[in-house]
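2 protein chains.
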Amino acid sequence: MDAEAGKRHATDQEIYEKIWNAIAERQIGPGTRLKEEQLADIFTASRARIRQVLQNLARDGLITLVPNRGAFVSKPSIEEARDVFFARRTIEERLVERLCATIGSAGIERLRQHVDNERKAHQDGDVASAIRLSGAFHMLIAELAQSQILASLLRDLVSRTSLIMAMYQQKDVLNCGPDEHAAIVESITARDARKALAVMHHHLAHIENQLDLESERVVSRDLEDILSL
Amino acid sequence: MDAEAGKRHATDQEIYEKIWNAIAERQIGPGTRLKEEQLADIFTASRARIRQVLQNLARDGLITLVPNRGAFVSKPSIEEARDVFFARRTIEERLVERLCATIGSAGIERLRQHVDNERKAHQDGDVASAIRLSGAFHMLIAELAQSQILASLLRDLVSRTSLIMAMYQQKDVLNCGPDEHAAIVESITARDARKALAVMHHHLAHIENQLDLESERVVSRDLEDILSL
DNA sequence: GATTCAATTATTGTCAACAATTGTTGTCGA
DNA sequence: TCGACAACAATTGTTGACAATAATTGAATC
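As they're listed, the protein sequences go chains A and B.
The numbering used here numbers the first residue of the first sequence as 6 and each following residue consecutively.
The numbering used here numbers the first residue of the second sequence as 6 and each following residue consecutively.
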């Protein structure tokens with residue numbers, strides 16, 4: 006009994022999440038300008054709080070703050086893109102390695118369930134869900150590996166990856182299909198750390214190799230439509 | 006011709022750095038309360054900007070923001086401490102591995118020079134410098150490895166490590182002596198990735214094993230003395 | 001017609017005052 | 001003497017207004 010009342014004031018965290026999601030799910034394209042007042046109107050919050058949130062988003066590399074100009078959704082360069090994947094391999098290979106040693110049956114079940122959901126979204130052609138779940142799979146691995154820190158670091162990297170994909174991915178290639186995720190789960194289940202590490206490496210390399218340096222589409226729809234959900 | 010004039014207004018970045026350093030170099034102890042107005046006075050800045058800086062520090066885990074209560078220097082639990090070291094091993098092992106493949110003679114020279122400086126501070130009994138340089142060594146490795154992202158992630162982890170040491174390190178054991186750092190440089194110079202990784206692993210494990218779960222000294226001097234340098 | 005420069009407008013950066021919250025102190029009663 | 005309660009003080013949270021800065025428009029000149 007709090008979620009009604011027309012429109013309650015959103016907390017900083019909620020505003021952050023909304024914008025974060027909108028970017029990570031590629032609803033707001035790279036390069037889009039984010040005006041403070043505009044956001045303040047949308048969330049019925051003061052500019053000061055929006056400002057705080059933007060600062061945080063900038064710290065995660067999702068937006069870029071230009072002094073006296075404002076906030077723009079980041080346009081990662083191809084070098085930054087490769088760096089993101091390097092960092093992801095570093096972290097995620099270690100995570101699956103650890104998972105093989107520590108995961109319990111409940112964890113395995115959660116992974117399987119998740120891949121099933123991914124497969125379903127994929128079959129239904131639900132692209133938005135597919136993208137979201139694909140990122141969530143990697144976050145689930147981090148969560149199960151019980152490293153709070155690496156999980157939070159990876160969270161940022163995954164969202165940046167979405168941004169990179171929005172810019173550089175060839176349009177006909179879908180995200181990562183659920184099959185590679187299934188392979189990862191399989192080797193974790195078998196507790197084969199060597200293989201799990203290799204499969205994860207392959208998976209991330211695969212995504213990276215799909216990058217296309219030419220295309221650079223900009224989406225940029227009206228923010229109001231997206232964020233006021 | 007700008008550093009005089011009584012006291013120029015410090016930029017946000019500078020304020021952040023000053024506090025960051027004060028914490029990382031263990032001049033401000035864990036648990037110390039950071040009042041906004043107090044800091045505003047010290048830096049002759051408005052509370053709004055201090056607030057912004059505190060938010061950023063909180064995001065890096067250096068301070069903890071309690072709603073309606075204020076900012077406190079974080080007191081990492083022993084579990085968080087172990088997590089930090091796990092994350093550091095993950096990142097730094099990968100960094101030295103890469104360094105073995107990519108470093109040039111100029112980079113090697115910088116590493117050697119740095120270790121020399123460390124050794125000097127160590128011999129002179131200059132504890133403050135020793136602590137600072139010890140952290141800087143790890144940051145130098147990150148910088149030379151040319152991964153912007155891992156470098157910035159490691160930066161946070163190093164500062165958290167300082168905090169952890171301030172809380173849990175047995176008092177007579179010094180930081181990490183320069184010898185282990187020298188060993189790391191040596192194996193990098195030899196481009197022996199296997200060994201470099203092992204030495205780095207050992208080095209971090211060594212530090213972690215020195216942690217003492219009992220002691221929990223709180224320093225907490227007067228902030229004014231520290232930050233107004 | 002194109003270019004430079006000035007005036008305008010829109011947007012961000014900064015600040016100081018006000019509101020809300022929390023911790024504390026002092027008082028009253030058992 | 002101890003505990004509960006109420007007024008107080010100290011600190012954070014929020015807001016709105018104002019100043020500084022950068023983009024834009026329009027006019028004048030070549």
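Glycine included, C-beta positions come from ideal geometry on N, C-alpha and C.
- Could you spell out the range, first to last residue, of the beta strand (DSSP E) harbouring Ala-244/B? This structure cannot settle anything about residue 244/B, because the visible part of chain B is limited to 6 through 234.
- Assigned secondary structure, Leu-232/A (DSSP; H/G/I helix, E/B strand, else coil): In this prediction, Leu-232/A scores a pLDDT of 49, lower than 50, which makes its location untrustworthy; the coordinate-derived value is nonetheless stated afterwards. In the structure shown, Leu-232/A sits in a helix (DSSP, three-state: H, G or I).
- Please name the residues in the region 31-59 of chain A whose beta-carbon is closer than 9 angstroms to at least one beta-carbon of chain B, in chain order. The residues in question are Ala-53, Arg-56 and Gln-57.
- Within chain A, the residues that Asp-129/B reaches when beta carbons sit closer than 9 angstroms: Those do not exist, as Asp-129/B stays about 35 angstroms from chain A at its closest Cβ, beyond 9 angstroms.
- Query: Does the beta-carbon of Val-163/B have 16 or more other beta-carbons within 10 angstroms, so that it is buried, or is it exposed?
  - Reply: With 16 or more Cβ atoms within 10 Å of its Cβ, Val-163/B is classed as buried.
- Roughly how many whole angstroms lie between the Cα atoms of Leu-39/A and Gln-175/B? Between Leu-39/A and Gln-175/B, the alpha-carbon positions lie close to 49 angstroms from each other.
- Have a look at Gly-4/B and Glu-41/B and give me their C-alpha separation to the nearest angstrom. Since the first and last residues shown for chain B are 6 and 234, residue 4/B lies out of range.
- How many angstroms separate the CA atom of Asp-88/A from the CA atom of His-206/A? For Asp-88/A and His-206/A, the distance between alpha carbons rounds to 15 angstroms.
- Go ahead and label Glu-185/A buried or exposed: buried means 16 or more other beta carbons lie within 10 angstroms of its beta carbon, across all protein chains shown. Here Glu-185/A is buried, its C-beta having at least 16 other C-beta atoms within 10 Å.
- Message: If distances are taken between C-alpha atoms only, which option among Ile-20/B, Phe-77/B and Ala-27/B comes closest to Gln-57/B?
- Response: Gln-57/B has its Cα closest to that of Ile-20/B, out of Ile-20/B, Phe-77/B and Ala-27/B.
- Answer yes or no: does any C-beta atom of chain B fall closer than 8 angstroms to that of Ile-154/A? It does: the Cβ of Ile-154/A has a partner Cβ on chain B nearer than 8 angstroms.
- Task: Report yes if the C-beta distance between Leu-62/A and Trp-25/A is below 8 angstroms; otherwise report no.
- Result: Closer than 8 angstroms, so yes.
- Residue of Ile-47/A, Lys-23/A and Phe-91/A minimising C-alpha distance to Ile-154/B: Looking only at Ile-47/A, Lys-23/A and Phe-91/A, the smallest Cα-Cα distance to Ile-154/B is reached by Phe-91/A.
- Message: Considering just the uninterrupted stretch of the beta strand (DSSP E) at Leu-155/B, what are its terminal residues?
- Response: Note, Leu-155/B: premise wrong, no beta strand (DSSP E); alpha helix (DSSP H) at 153-173.
- Message: Would Arg-140/A and Ser-167/A be called neighbours here (beta carbons separated by less than 8 angstroms)?
- Response: The sequence given here places Gly at residue 140/A; Arg does not occur at that position. Contact flag set, yes.
- Item | Cβ neighbours of Ser-134/B in the same chain (closer than 7 angstroms, five flanking residues each side left out) | Here the set comprises Ala-126.
- Round the Cβ separation of Leu-149/B and Leu-209/B to the nearest angstrom and send it over; I've been treating them as touching at under 8 angstroms. Rounded, the Cβ-Cβ distance is 18 angstroms, inconsistent with contact.
- Should Val-71/B go down as buried or exposed, given a rule of 16 or more other Cβ atoms within 10 Å for buried? Exposed, since its Cβ has fewer than 16 Cβ neighbours within 10 Å.
- Per DSSP, what kind of secondary structure is Ile-68/A in: helix, strand or coil? In the three-state reduction of the DSSP assignment, Ile-68/A falls in the strand class, which pools E and B.
- Item | Length at least 3, wholly inside the region 10-50 of chain B: the beta strand (DSSP E) runs in chain order | You should have found no qualifying run.
- Item | chain A contacts from the region 91-124 of chain B (Cβ-Cβ distance under 7 angstroms) | Within the region 91-124 of chain B, the residues whose Cβ lies closer than 7 angstroms to some Cβ of chain A are Phe-91, Ala-92, Thr-95, Ile-96 and Arg-99, listed in chain order.
- Query: Alpha carbon to alpha carbon, how far is Glu-114/A from Ile-193/A?
  - Reply: Computed Cα separation, rounded: 12 angstroms.
- Item | Nearest-angstrom beta carbon gap, Ile-96/B and Thr-107/A [assumed within contact, 8 angstroms] | Actually they do not touch by this definition, with Cβ atoms about 20 angstroms apart.
- Message: Quick check: is the beta carbon of Asn-61/A nearer than 8 angstroms to any beta carbon in chain B?
- Response: At least one chain B Cβ lies under 8 angstroms of Asn-61/A.
- Consider the Cβ of Arg-160/B: report whether some Cβ of chain A lies at a distance smaller than 8 angstroms. Not an interface residue.
- Query: How would you label Arg-199/A, buried or exposed, when you count the other beta carbons within 10 angstroms and need 16 or more for buried?
  - Reply: Exposed: under 16 other Cβ atoms inside 10 Å.
- Message: Counting C-beta neighbours from all protein chains within 10 Å, is the total for Ala-195/B 16 or more, i.e. buried, or is it exposed?
- Response: Here Ala-195/B is exposed, its C-beta having fewer than 16 other C-beta atoms within 10 Å.
- Task: Please list, in chain order, all residues of the same chain as Ala-10/B whose beta carbon is under 6 angstroms from its beta carbon, the five residues on each side excluded.
- Result: Bear in mind that the predicted position of Ala-10/B carries a pLDDT of just 34, short of 50, making it too unreliable to give a figure here.
- Item | N- and C-terminal bounds of the alpha helix (DSSP H) containing Gly-109/B | Where Gly-109/B is concerned, there is no enclosing alpha helix (DSSP H), because DSSP gives it neither an H nor an E.
- Three-state secondary structure (DSSP) of Asn-214/B: Asn-214/B: helix per DSSP, three-state reduction.
- Compute the Euclidean distance between the alpha carbons of Glu-123/A and Glu-30/A, then round it to the nearest angstrom. Whole-angstrom Cα-Cα distance: 15 angstroms.
- Message: Assuming Val-101/B and Ile-28/B are in contact, meaning their beta carbons sit under 8 angstroms apart, how far apart are those beta carbons, in whole angstroms?
- Response: The beta carbons of Val-101/B and Ile-28/B sit about 26 angstroms from each other, so the pair does not count as a contact at 8 angstroms.
- In or out: Glu-229/B buried (at least 16 other Cβ within 10 Å) or exposed? For Glu-229/B, the pLDDT reaches just 47, beneath the cut-off of 50, and the residue's location in the model is therefore unreliable, leaving the point undetermined.
- Message: For Ile-212/A, tell me which candidate among Gly-109/A, Ser-157/A, Pro-183/A and Asp-65/A has the shortest Cα-Cα distance.
- Response: It is Pro-183/A.
- Task: Taking only beta-carbon positions, decide if Val-239/A is within less than 8 angstroms of chain B.
- Result: With chain A running from 6 to 234 in the structure shown, residue 239/A is simply not present.
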